[in-house]
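**Q** Numbering-wise, the sequence shown is residues 1277 to 1411 according to the working numbering. Can you keep this structure in mind? I'll have questions shortly.
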Amino acid sequence: MRRFYPFFPMIGGRACEAFEWHGHRFAAGDWVLLDLYGTNHDPRLWPEPHRFRPERFHGWPGDPDTLVPQGAGDPYQGHRCPGEWITIALMGRAVRLLSQAMRYALPPQDLSIRLNRMPAMAESGVRLREIRRAA
């Protein structure tokens, strides 16, 4: 889900030291933007990048250079959310509840996501009705 719909379409930070990348020089203190949506939809990294196919993660090694759900780099040493792993666990629990433990109806709503707004989220939010326990 985070690959398909990142919380933030991009993140920014300042270069800690000067470096060169693909022929472009960055000075220490320059702003650098990481295009999360673009990285997570790059067809060189993700076959059929615009298809929602959760099964593509079966056996996936967890390469931090191809999926950037909440920042970049090693979560223990880099610039990533320290609560990322608990968020992933909570999202897993929510998916199990929504797909196995509950039954509900989705009223008509605008679920489009504008990537020029942060955080990126469904236009109308997500509304459930007729919520009940699964049999």
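Ideal placement from N, C-alpha and C gives every residue a C-beta, glycine not left out. Here the structure is a predicted model, which is why all the values come from computation and not from measurement.
Under 8 Å: do the segment 1281-1289 and the segment 1305-1314 share three or more Cβ pairs, one atom per stretch?
**A** Segments in contact, yes.
**Q** Mapping the DSSP letters down to three states, classify Glu1324 as helix, strand or coil.
**A** Taking the first residue of the sequence shown as 1, we reach residue 1324 at position 48. In this structure, Glu1324 counts as coil in the three-state DSSP scheme.
**Q** Does Trp1361 come out as helix, strand or coil in the three-state DSSP assignment?
**A** Reading the sequence shown from its first residue, position 85 is the one you call residue 1361. Note: Trp1361 maps to helix in three-state DSSP.
**Q** Rounding to the nearest angstrom, what Cα-Cα distance links Gln1376 and Asp1339 in this structure?
**A** In the sequence shown, residue 1376 corresponds to position 100, counting from 1. In the sequence shown, residue 1339 corresponds to position 63, counting from 1. Cα to Cα, the separation comes out at about 29 Å.
**Q** Is the Cβ-Cβ distance between Pro1282 and Leu1321 less than 8 Å?
**A** On the sequence shown, residue 1282 is found 6 positions in, with the first residue counted as 1. On the sequence shown, residue 1321 is found 45 positions in, with the first residue counted as 1. Contact flag unset, no.
**Q** Using 8 Å for Cβ pairs, my map puts Tyr1380 next to Leu1343. What's the rounded Cβ distance?
**A** Residue numbering aside, residue 1380 sits at position 104 when the sequence shown is read from its first letter. Residue numbering aside, residue 1343 sits at position 67 when the sequence shown is read from its first letter. The Cβ separation is near 29 Å, so there is no contact.
**Q** Using DSSP bridges, identify the partner residues of Glu1296.
**A** Sequence index remark: in the sequence shown, residue 1296 carries index 20 (1-based). DSSP, once it has assigned bridges, lists Arg1301 as partnering Glu1296.
**Q** Out of curiosity, what's the CA-to-CA distance linking Met1397 and Gly1299?
**A** As a first step, residue 1397 must be located in the sequence shown, where it is residue number 121. As a first step, residue 1299 must be located in the sequence shown, where it is residue number 23. Roughly 35 Å between the two C-alpha positions.
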